[in-house]
Amino acid sequence: MVLLIRHAKGRNGQPTVALIDSRTVQSPPESGGHAGDDGAKKRNGSKGHLAVDTLGQYVALVVSPANEQDRARAGELVTAVNRATGGACRW
0 MVLLIRHAKG RNGQPTVALI DSRTVQSPPE SGGHAGDDGA KKRNGSKGHL
50 AVDTLGQYVA LVVSPANEQD RARAGELVTA VNRATGGACR W
């Protein structure tokens, strides 16, 4: 799907640039040990570490407890981006 959208916009099929960010999602009390406490955002939940291309299309996603630092999952996210793009993204 991403390839079709990129081609429709006149772009190469594989992105060569990825933007990385994270977002904390509130978890219900039933989630138990799967959730972590993000002290900076005052939320108990999970954190999604995302990589998107320049069109805003998802390239890769890594999920962790909210109390993990972003840098703790950076290597895993870079590996996921490289797998998804065939190594086309440069870091």
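Residues 0 to 90, numbered by numbering that gives the first Met the number 0, are exactly what the sequence shown covers, in order. Glycine included, every Cβ here is placed at the ideal spot set by N, Cα and C.
Asked	Found
Euclidean distance between Cα positions of T84 and R22	22 Å
For R20: DSSP bridge partner residues	Here the sequence assigns Asp to residue 20, which means Arg is not the residue at that position. Beta-bridge pairing links D20 to L49.
Straight-line Cα distance separating G86 from V51	15 Å
Burial state of P27, where buried means 16 or more other Cβ atoms lie within 10 Å	exposed
For A73, the first and last residue of its enclosing alpha helix (DSSP H)	A73 to T84
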